[in-house]
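Protein chains: 2
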Amino acid sequence: MGGNTREAGRSTADRLLSLLGAFTSKRPLLTLSELAEASRLPIATAHRLARELTDWGALERHADGRFQIGLKLWYVGALAPGHRDLRSVAMPFMEDLYEATHENVQLAVRDGKLALYLDKISGNQSVATVTQVAGHLPLHATGVGKIILAFSGPELFAAVAADGLRRCTPHTITLPGVLADTLAQVRESRIAFSLEEMTVGASSVAAPIFGADGKLLASLALVVRSSTNVRALAAAVHTAALGISRQLSGPVSAGWKRNLDR
Amino acid sequence: MGGNTREAGRSTADRLLSLLGAFTSKRPLLTLSELAEASRLPIATAHRLARELTDWGALERHADGRFQIGLKLWYVGALAPGHRDLRSVAMPFMEDLYEATHENVQLAVRDGKLALYLDKISGNQSVATVTQVAGHLPLHATGVGKIILAFSGPELFAAVAADGLRRCTPHTITLPGVLADTLAQVRESRIAFSLEEMTVGASSVAAPIFGADGKLLASLALVVRSSTNVRALAAAVHTAALGISRQLSGPVSAGWKRNLDR
Numbered sequence: 101m102g103g104n105t106r107e108a109g110r111s112t113a114d115r116l117l118s119l120l121g122a123f124t125s126k127r128p129l130l131t132l133s134e135l136a137e138a139s140r141l142p143i144a145t146a147h148r149l150a151r152e153l154t155d156w157g158a159l160e161r162h163a164d165g166r167f168q169i170g171l172k173l174w175y176v177g178a179l180a181p182g183h184r185d186l187r188s189v190a191m192p193f194m195e196d197l198y199e200a201t202h203e204n205v206q207l208a209v210r211d212g213k214l215a216l217y218l219d220k221i222s223g224n225q226s227v228a229t230v231t232q233v234a235g236h237l238p239l240h241a242t243g244v245g246k247i248i249l250a251f252s253g254p255e256l257f258a259a260v261a262a263d264g265l266r267r268c269t270p271h272t273i274t275l276p277g278v279l280a281d282t283l284a285q286v287r288e289s290r291i292a293f294s295l296e297e298m299t300v301g302a303s304s305v306a307a308p309i310f311g312a313d314g315k316l317l318a319s320l321a322l323v324v325r326s327s328t329n330v331r332a333l334a335a336a337v338h339t340a341a342l343g344i345s346r347q348l349s350g351p352v353s354a355g356w357k358r359n360l361d362r
Numbered sequence: 101m102g103g104n105t106r107e108a109g110r111s112t113a114d115r116l117l118s119l120l121g122a123f124t125s126k127r128p129l130l131t132l133s134e135l136a137e138a139s140r141l142p143i144a145t146a147h148r149l150a151r152e153l154t155d156w157g158a159l160e161r162h163a164d165g166r167f168q169i170g171l172k173l174w175y176v177g178a179l180a181p182g183h184r185d186l187r188s189v190a191m192p193f194m195e196d197l198y199e200a201t202h203e204n205v206q207l208a209v210r211d212g213k214l215a216l217y218l219d220k221i222s223g224n225q226s227v228a229t230v231t232q233v234a235g236h237l238p239l240h241a242t243g244v245g246k247i248i249l250a251f252s253g254p255e256l257f258a259a260v261a262a263d264g265l266r267r268c269t270p271h272t273i274t275l276p277g278v279l280a281d282t283l284a285q286v287r288e289s290r291i292a293f294s295l296e297e298m299t300v301g302a303s304s305v306a307a308p309i310f311g312a313d314g315k316l317l318a319s320l321a322l323v324v325r326s327s328t329n330v331r332a333l334a335a336a337v338h339t340a341a342l343g344i345s346r347q348l349s350g351p352v353s354a355g356w357k358r359n360l361d362r
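Keeping their order, the protein sequence lines are chains A and B.
When we follow our numbering, the leftmost residue of the first sequence carries the number 101, and every step to the right adds one.
When we follow our numbering, the leftmost residue of the second sequence carries the number 101, and every step to the right adds one.
#1: Apart from the five residues on each side of it in sequence, which residues of its chain come closer than 7 Å, Cβ to Cβ, to glutamine 232/B?
#2: Have a look at leucine 406/B and lysine 172/A and give me their C-alpha separation to the nearest angstrom.
#3: Which of helix, strand or coil does DSSP assign to arginine 287/B?
#4: Counting C-beta neighbours from all protein chains within 10 Å, is the total for alanine 321/A 16 or more, i.e. buried, or is it exposed?
#5: Specify the secondary structure class of alanine 178/B as computed by DSSP and reduced to three states.
#6: Who pairs with asparagine 204/B in a beta bridge, going by DSSP?
#7: Thinking just about the alpha-carbon of each residue, which of Gly301/A, Ala307/A and Phe167/A is nearest to the one in arginine 290/A?
#8: On a Cα-Cα basis, can you pick out the residue from Cys268/B, Ile247/B and Arg127/B that is closest to serine 319/B?
#9: Going by DSSP in three states, histidine 162/A sits in which element: helix, strand or coil?
#10: Whole angstroms are fine: how far does the CA of valine 189/A sit from the CA of alanine 335/A?
#11: Is there a C-beta anywhere in chain A that falls below 8 Å from the one on tryptophan 356/B?
#12: In or out: glycine 184/B buried (at least 16 other Cβ within 10 Å) or exposed?
#13: Fully enclosed by the segment 251–320 of chain A, which alpha helix (DSSP H) runs are 4 residues long or longer?
#14: Kindly give me the distance between the Cβ atoms of leucine 348/B and glycine 311/B, rounded to whole angstroms, as I take these residues to be in contact under 8 Å.
#15: So which residues of chain B does isoleucine 221/A contact, with C-beta pairs closer than 8 Å?
#16: Serine 118/B and leucine 141/B - do their beta-carbons sit closer together than 8 Å?
#17: Against chain B, does aspartate 114/A count as a neighbour if the rule is that its beta carbon must be under 8 Å from one of theirs?
#18: If the cut is a Cβ gap below 7 Å, which residues of chain A does phenylalanine 123/B touch?
#19: Which of the three DSSP states is assigned to leucine 130/B in this structure?
#20: Please state the DSSP three-state secondary structure of alanine 215/A.
#21: Quick check: isoleucine 344/B and isoleucine 309/B, are their CB atoms within less than 8 Å of each other?
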C-alpha cells in the first residue's frame, strides 16, 4: 500500500479501499468517473470493483445513478469500538447534559491531527453548528480539540503547530506560543473553551474523558450561542465527563461489556 | 461473488469483504484464526488481507491482539445516507420525544427480513432494552418491525411468515394469520404496538416515517416498561414521526442537503 500510485504496483485490497476512501462528508455521492479519478483507477477497474462492492452492500446506487456508501458498510463500521463502547456509556450522560442545558452536546475523539465527532445531541432550540457526526474539525480551534491537544503529549502539539494554525475566524488562536499557554491552563483546569474560534456566533466548553489507565479517550463538549455565558456551563460538562470516565473504568463497565457479548 | 465458497473461485474483493463481514455485534473482536474460519480463508490469506485492512484503518488491533473494526471504517460507513440524512433530520424530533416522555426513543429501517436500528436516545431513567445501534431485531416481534411489515407490501410478509415466526417471549405473535390481522390494523391506524412480544417487561409503540414519494423510509418507536400505559404514548410517537416525514419531504430538507454539500 502506502504511496505507490501506479496501477501495476497496487494490490486489489489497496484499490478497493481507495474506492471506499473516495467518499467524504463533502462528497457523499460520486459518479463512476469521479470514483475512478478520486481512487486513481482506470474506469474499467473502478467499474468492476464498484460492482463487487455494490453486490456486497458496501456501496449502493442512488436514484440518480451515482454511487454512495451502503447501509451494510454503515453497520459493519458501527462495530468499531471507538464508537460503539464509548457511545453506549456516554449517551445517558449526554442526555442528562442536554436536558439540563438544551444546548448541543458533542462527543469527539482524536483522529490523527483532527477531532473526529462520534456523536451529537441537538434539539430544535440548540444553536446550529458546523459539526457533523463522523465529521472532522481542527484541534486548535475547538473546545474538544484543545482538550485532545492538552492531554495527548507534546508530539501532537508539535505536529499541529508545524502545520500552521489556520485562522477559522478572527478569534482563532494562530500563534503556537499563545496556544501552548492556553493548553497549560487546560491541563490545570481540565476545561477548555473555544470562544467563537471555530464559528462566529458559537462558543464551546469541553472536558476530558479518561479511561481506566488514566489516558485520554475522548472529549465531551457543549456548543452554545456566543451570547450564552459558556463559562457558567463548565461545571455541568465537567460533571458529565467525570461520570462517563467513572463508568468506563468501573465494574459497571464490565457488566455492560458482558451484556454486549450476549 | 455469491455462493461460491471455493478459494480458487473467489475474487480478492470477495475475500476482503468476507473478512469485514466476519465481525458482528455479538463477535466484535476476532483472533486471526477466528477471522480465517468465519471468512473461509486459509490463515495465510486472512493474515495478508487483515494486514492490508489494518494498514488502511479498516481494522485495528485490540490491546489483546485480536482484530476489531477500525475507526476509519466507522466514519466511511457513517457516510451511508440511510444513516446520515435520516439521523440529521430525525434527531431534533427524537430529542423532543425523549424530553416529553423520558423513555427510550429508537429509529429503525428495514434490512432484508430484519429491523436495523439506526439510532437511539436513552437516559438514565429509561428501561433497559435489547436494542443496540446498528443491531438487528426480528420484524414480527417489535413495534418498528410491525410498521415495516405493514407498509412494505405482501412479499416481505410472505417471506417472513415462510421463515416461521420465532417465539421471543410467551407474548410473541407466532401465527401468520394473527399477525396479518394485526398488520391490517397497523395500516389503518399507522401505529404498531409490541406488548412484551420481544422482551418480557418492555413494550413499544411505533409509527411510520414516509419519504416525499409516500414510501416507507423508517420507523420511530418509544420503548417503555410494560407497566407504563404504552397506548397513551401513541399520539406522541405519531406526532414526532409526522414531523420527521414532513421535514424529509419539504423545502427545509433541500436546504439541509445544500448545507451538507458545503
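For glycine and all other residues, C-beta sits at the position ideal for the given N, C-alpha and C.
Quick caveat, the model's predicted, so the values are computed rather than measured.
Here's the rundown:
#1: Ser125 and Tyr217
#2: Outside the modelled stretch of chain B, which goes from 101 to 362, sits residue 406/B, for which no answer is possible.
#3: helix
#4: buried
#5: coil
#6: Val323/B
#7: Ala307/A
#8: Ile247/B
#9: coil
#10: 20 Å
#11: In this prediction, tryptophan 356/B scores a pLDDT of 40, lower than 50, which makes its location untrustworthy; no coordinate-derived value is stated.
#12: Position check: residue 184/B holds arginine in this sequence, whereas glycine was assumed. By the neighbour-count rule (16 or more Cβ atoms within 10 Å), arginine 184/B is buried.
#13: 254–263 and 276–289
#14: 6 Å
#15: Met191, Glu195 and Ile221
#16: yes
#17: yes
#18: Val176 and Leu179
#19: strand
#20: strand
#21: yes
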